[in-house]
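Visitor: Per UniProt numbering, the sequence shown runs over residues 1 to 310.
Glycine included, each C-beta is placed from N, C-alpha and C at the ideal position.
One structure, pasted below without further comment.
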Amino acid sequence: MTGQPQGPADSGDPTPRADPWKSFGAVMAATLLLEAIVVLLAIPVVGAVGGGLSPASLGYLIGLAAALILLAGLQRRPWAIWVNLGVQLVLLAGFAVYPGVGFVGVLFTGVWVLIAYFRAEVRRRQRGERRRQAEPGLPCEFSVGHLLLATVTERTLVLIKPDGVQRGLIGEIIGRIERKGLTVAALELRNVNDELAGRHYAEHEGKPFFGSLLEFITSGPVVAAVVEGPRAVAAFRQLAGGTDPVDKATPGTIRGDFGLKPNSTWCTAQIRPSRRSARSRSGFPAPSAGRRACEPDSPVYRSDEGDPAQ
């Protein structure tokens, strides 16, 4: 196609990511070289201001500078950071030569404490990245909280209301639920009588729109579905979108794509996760969920049948 900027051909290989540890080693080496330069510059300063240098003091400063330069070439070693911190203790001994040398030691000790902290953060992030690559299902910043959220199965009742049924949106809505990764555990098409509608909307009884709610939900059949999965309630609310299809629901959500009026197309009511068959908080009976082939206790998951790939 002409007139369109073309990107580089996709070879199928991911773009190599920069190794933060290499950059971090370069920073530590540069810090050591800067420290060596400051120590060497201290020789003429101390000689002029401090009344001259003794051979021991001169040897101390030159030897310290040489050690810093040597260490700069060893910063890829895992133990280098600890040697660097030990050298700072030697630099702090510069108070015996001249107070200014000791103050330089205090300054650089603070710098190396910060470097050690950021080094620990880099290593922690690298471990998390390796864990994420080894187990793609885990979030990058893995924690016990993430594990608990990922393993607790929730169940929620979904109602596709008469207008959604009449417009043929059942398949679209169920498809979006399943593409999200949730499971439809039970599905039922039923008519809602006045008694059931009154229980379902009991919280709105006495309000001016109560009668219109009853009339709407009893105007035709509804689809009741039990949806389950990790964090199913929050995931379903994300799929549903805001309660006002025009002002609050964003495009891409069910209400944002298919609704015009509030309280139409569908609603939800949570079921307690520990119950296999229950009534929702609103009093609407959930359809019974029968035993499915994907349940952990089904023959598909029996350990005594061996590896299915063999």
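By the three-class DSSP mapping on this structure, what secondary structure does E154 have?
Guide: strand
Visitor: The beta strand (DSSP E) with V87 in it runs from where to where?
Guide: Where V87 is concerned, there is no enclosing beta strand (DSSP E), although the alpha helix (DSSP H) it sits in stretches over A80 to L92.
Visitor: Helix, strand or coil for V223, going by three-state DSSP, please let me know.
Guide: Correct three-state label for V223: strand.
Visitor: How would you write the range of the alpha helix (DSSP H) that L61 sits in, first residue to last?
Guide: That run of the alpha helix (DSSP H) goes P55 to A72.
Visitor: Do the stretch 157–168 and the stretch 215–230 meet, that is, are 3 or more Cβ pairs less than 8 Å apart?
Guide: Touching, yes.
Visitor: Which same chain residues end up closer than 6 Å to E35 when comparing Cβ atoms and leaving out the 5 residues on each side of it in sequence?
Guide: For E35, where only same-chain residues beyond five positions count, the Cβ hits under 6 Å are L68 and F108.
Visitor: Taking the runs of the beta strand (DSSP E) that are 3 residues or longer, which of them lie wholly in the UniProt domain "Nucleoside diphosphate kinase-like" (153–268)?
Guide: 153–160, 183–190 and 222–230
Visitor: With a Cβ-Cβ cutoff of 9 Å, do G110 and A93 count as a contact?
Guide: no
Visitor: Taking only three categories from DSSP, how would you classify Q126?
Guide: helix
Visitor: Nearest to V192 by alpha carbon, out of L213, L85 and G47?
Guide: L213
Visitor: Taking the Cβ atom as the reference point for each residue, do L71 and L41 lie within a distance shorter than 9 Å?
Guide: no
Visitor: Tell me whether the beta-carbon of L61 lies closer than 9 Å to the beta-carbon of V46.
Guide: yes
Visitor: W112 and Q88: beta carbons closer than 9 Å?
Guide: Taking 9 Å as the Cβ cut-off, W112 and Q88 qualify as a contacting pair.
Visitor: Less than 9 Å between the C-beta atoms of L169 and A224, yes or no?
Guide: no
Visitor: Just mark F258 as buried or exposed, buried being the case when its beta carbon has 16 or more other beta carbons within 10 Å.
Guide: buried
Visitor: To which residues of the same chain is P136 closer than 7 Å at the C-beta, ignoring the five residues directly before and after it?
Guide: For P136, the pLDDT reaches just 48, beneath the cut-off of 50, and the residue's location in the model is therefore unreliable, leaving the point undetermined.
Visitor: Select from G100, F95 and G229 the residue whose C-alpha is nearest the C-alpha of L157.
Guide: G229
Visitor: Note down the Cα distance separating V27 from G59, rounded to an integer number of angstroms.
Guide: 27 Å
Visitor: Once the 5 residues before and after A249 are set aside, which same chain residues still bring their CB inside 6 Å of it?
Guide: G241, G242, R255 and G256
Visitor: Have a look at L260, F210 and E172 and flag the residue whose alpha-carbon is nearest the alpha-carbon of V246.
Guide: Measuring from the Cα of V246, the nearest candidate turns out to be L260.
Visitor: Looking only at its own chain, which residues have a Cβ that is under 8 Å from the Cβ of F210, when we skip the five neighbours before and after it?
Guide: Y201 and H204
Visitor: Answer yes or no: does any C-beta atom of chain B fall closer than 9 Å to that of H200?
Guide: Here there is only one protein chain, and chain B is not present.
Visitor: With DSSP collapsed to three states, give me the class of Y98.
Guide: coil
Visitor: Using the Cα positions of G252 and R124, report the straight-line distance between them to the nearest angstrom.
Guide: Looking at the two C-alpha atoms, the distance is approximately 36 Å.
Visitor: Taking the beta carbon of S54 as the centre, do at least 16 other beta carbons fall within 10 Å, making it buried, or is it exposed?
Guide: Classified as exposed, S54 has fewer than 16 neighbouring CB atoms from the shown chains inside 10 Å of its CB.
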